[in-house]
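Numbering (our numbering), first residue to last: 30 to 232. Note that the Cβ used here is the ideal one computed from N, Cα and C, for glycine as well. So the structure is just underneath, and the comments pick up after that.
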């Protein structure tokens, strides 16, 4: 006798709920508490600066698949090893030629071209992220290769969960314990590219 559709849906919902509770229980058992829970405090002896708790490092595989993380090694390999004085200067909007279009990478032959730079934050994990910076205010005309204000270049963002290192208090104290720190999950918006859009108002 076939099972009614309503019963099938209810069974599927019940199975999903049980699976969710199981995953949550395993997460709590490994110390990976939700962000609203009480975070664990660490001392410098327990966890030297730059290191992460083992149960949080399990997330590393997912981070490595994110574009802002995956690009860092190739960007650093291409950057000359010399100290930079201040933030990088804004590049001029390039003029595209047929030769450049054939040989350039996607971010260089886009009509809204962008470049990447490595953003470093010692209190964030991952500490280094590749961020995109639009090179043009307008977009490049495909006929002339020159910038046109008829369109606007805007950044495209990816929401990325990161871990933020911050001071904490141990043993129930209300004031931060010197040298003690914890990690909290924080979602940030990372620019990963640029695209062309119509202006919000007439130029």
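Can you tell me which of the options puts its alpha carbon nearest to the alpha carbon of residue i?
i	options	result
residue 165	68, 147, 185, 143	143
residue 210	198, 176, 220	198
residue 76	208, 167, 141, 225	208
residue 171	125, 103, 102, 78	125
To the nearest angstrom, report how far apart residue i and residue j are at their CA atoms.
i	j	result
residue 195	residue 108	31 Å
residue 100	residue 159	6 Å
residue 116	residue 146	Residue placement at residue 116 is poorly supported in this model, since its pLDDT is 47, which falls under 50; the coordinates still yield a value, given next. Rounded to the nearest angstrom, the two C-alpha atoms are 10 Å apart.
residue 180	residue 163	13 Å
residue 136	residue 70	42 Å
residue 111	residue 230	Legend: pLDDT at residue 111 = 49, less than 50; position of this residue unreliable, no value from coordinates given.
residue 223	residue 83	36 Å
residue 38	residue 173	Because residue 38 carries a pLDDT of 41, less than 50, the predicted location of this residue cannot be relied on, and the following value inherits that uncertainty. Cα to Cα, residue 38 sits roughly 58 Å from residue 173.
residue 86	residue 155	10 Å
residue 235	residue 128	Nothing in the structure corresponds to residue 235, since the chain is present only between 30 and 232.
If you follow the alpha helix (DSSP H) that residue i is in, where does it begin and where does it stop?
i	result
residue 137	135 to 138
residue 238	As displayed, the chain neither begins before 30 nor continues past 232, which places residue 238 out of reach and without an answer.
residue 227	That residue, residue 227, is in no alpha helix (DSSP H); it is neither H nor E in DSSP.
residue 78	Residue 78 -> no alpha helix (DSSP H), and no H or E assigned at all.
Beta strand (DSSP E) containing residue i: first to last residue?
i	result
residue 162	157 to 163
residue 17	The structure shown does not extend to residue 17, since the chain is modelled only from 30 through 232, so no value can be given for it.
Less than 8 Å between the beta carbons of residue i and residue j, yes or no?
i	j	result
residue 190	residue 216	yes
residue 228	residue 185	no
Item checked: Whole beta strand (DSSP E) elements within the segment 176 to 216, 3-residue minimum -> 181 to 196
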